[in-house]
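K.L.:
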């Protein structure tokens with residue numbers, strides 16, 4: 001198990017909890033994503049990689065990391081998980097997949113899982129298991145802004161049974177569980193008054209339908225009104 005941690009401060013963790021504005025949260029996650037991307041580039045050493053992100057924070061975190069890879073990016077996927085009301089054995093929170101967009105995954109790829117706050121082992125297992133239904137994964141790197149030390153150990157043990165060694169890149173290292181922080185970040189990022197369907201990723205939609213992907217929060221210019229022709 002290989003681990004890289006950076007800028008581990010209680011102040012940084014408290015700052016994430018204190019932010020209740022979506023745009024400020026997005027800016028902070030992008031800053032942390034830049035730190036992750038720099039460490040990831042060093043770890044990859046020029047090797048191409050496929051990025052899978054968590055749907056709710058993909059635009060603010062995973063997309064930033066993916067774009068930093070440039071030509072090293074093999075492809076991308078967005079997977080939206082849904083937190084179920086009941087827990088499984090060991091008091092572990094339970095998840096299912098509610099939505100997915102998966103670009104073709106080359107065989108034996110290096111897969112980089114990007115999620116701002118990784119708090120649940122079953123959520124990670126669910127996402128990676130879905131990708132493994134497409135192709136065998138040769139190398140797995142888990143990138144996060146915040147990740148609990150104990151969770152690393154459990155994930156390493158789980159994937160080792162599948163013959164997969166896991167590497168980690170994390171900015172903030174938690175000695176305790178991170179469920180509350182994960183849920184707080186996702187709640188702030190999705191400030192819609194009604195949440196009937198999962199919030200979509202603009203970056204992933206633009207990869208699928210065009211134009212060029214962008215991860216900023218700047219409003220898109222409104223299209224010019226069409227001039228009516230001679231027949232209306």
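Residue numbers (UniProt numbering): 1 to 232. Using N, Cα and C, we set each Cβ at its ideal position, and we do this for glycine too.
Tell me the DSSP bridge mates of residue 54?
P.N.:
Within the chain shown, numbered from 1, the residue matching residue 54 stands at position 54. 79, per the DSSP bridge assignment.
K.L.:
For a test of the three-state rule: what should DSSP assign to residue 192, helix, strand or coil?
P.N.:
Walking along the chain shown from the start, residue 192 turns up at place 192. Residue state, collapsed to three classes: coil.
K.L.:
Starting from residue 65, trace the alpha helix (DSSP H) in both directions and tell me its first and last residue.
P.N.:
As a working note, residue 65 is residue 65 in the chain shown. Counting along the chain, the alpha helix (DSSP H) containing residue 65 begins and ends at 63-69.
K.L.:
For residue 95, which of 103, 101, 85 has the nearest alpha-carbon?
P.N.:
In the chain shown, residue 95 corresponds to position 95, counting from 1. Comparing Cα positions, the closest option is 85.
K.L.:
With DSSP as the reference, label residue 180 as helix, strand or coil.
P.N.:
As a working mapping, residue 180 is identified with position 180 in the chain shown. In this structure, residue 180 counts as helix in the three-state DSSP scheme.
K.L.:
Excluding sequence positions up to five away, which residues of its chain have a Cβ less than 6 Å from the Cβ of residue 68?
P.N.:
For the purposes of this step, residue 68 is identified with residue 68 of the chain shown, where counting begins at 1. The answer, listed in chain order, is 37.
K.L.:
What is the rounded straight-line gap between the Cα of residue 197 and the Cα of residue 152?
P.N.:
Translated into positions along the chain shown, residue 197 becomes position 197. Translated into positions along the chain shown, residue 152 becomes position 152. Whole-angstrom Cα-Cα distance: 31 Å.
K.L.:
Report the residue ranges of all beta strand (DSSP E) runs contained in full by the segment 145-182; include only those spanning at least 3 residues, in chain order.
P.N.:
If we require 3 residues or more, the beta strand (DSSP E) runs fully inside the segment 145-182 come out as 166-174.
K.L.:
Determine the direct distance from the alpha carbon of residue 141 to that of residue 132, and round the result to whole angstroms.
P.N.:
Sequence index remark: in the chain shown, residue 132 carries index 132 (1-based). Sequence index remark: in the chain shown, residue 141 carries index 141 (1-based). Cα to Cα, the separation comes out at about 14 Å.
K.L.:
Between residue 123 and residue 148, which are expected to be in contact by the criterion C-beta below 8 Å, what is the C-beta distance as a whole number of angstroms?
P.N.:
Here residue 123 corresponds to residue number 123 of the chain shown, with the count starting at 1. Here residue 148 corresponds to residue number 148 of the chain shown, with the count starting at 1. 13 Å between Cβ atoms; not a contact.
K.L.:
Let's test the definition: count the other Cβ atoms within 10 Å of the Cβ of residue 61 and tell me whether it reaches 16, buried, or not, exposed.
P.N.:
Looking up residue 61 in the chain shown gives position 61. Looking at its Cβ environment, which holds 16 or more other Cβ atoms inside 10 Å, residue 61 is buried.
K.L.:
I want to check one thing, is the minimum distance from the CB of residue 179 to the heavy atoms of the ligand ZN below 7 Å?
P.N.:
Ligands are entirely absent from the displayed structure, and the ligand ZN is therefore not among its contents.
K.L.:
Residue 20 by DSSP, collapsed to three states: which one?
P.N.:
Taking the chain shown and counting its residues from 1, one reaches residue 20 at position 20. Coil, per DSSP.
K.L.:
Measuring CA to CA, which of 125, 97, 80, 43 is closest to residue 57?
P.N.:
Reading the chain shown from its first residue, position 57 is the one you call residue 57. Checked all of 125, 97, 80, 43; the closest Cα to residue 57 is 80.
K.L.:
Over the uninterrupted beta strand (DSSP E) stretch that includes residue 100, give me the two end residues.
P.N.:
Taking the chain shown and counting its residues from 1, the one referred to as residue 100 is at position 100. Residues 92-102.
K.L.:
Could you check if residue 70 is buried or exposed, using at least 16 other CB atoms within 10 Å of its CB as the buried criterion?
P.N.:
The residue you call residue 70 lines up with position 70 of the chain shown. Residue 70 is exposed by the Cβ-count criterion.
K.L.:
In whole angstroms, give me the CA-to-CA distance for residue 16 and residue 188.
P.N.:
Counting from 1 along the chain shown, the entry for residue 16 is found at position 16. Counting from 1 along the chain shown, the entry for residue 188 is found at position 188. The straight-line gap from Cα to Cα measures roughly 10 Å.
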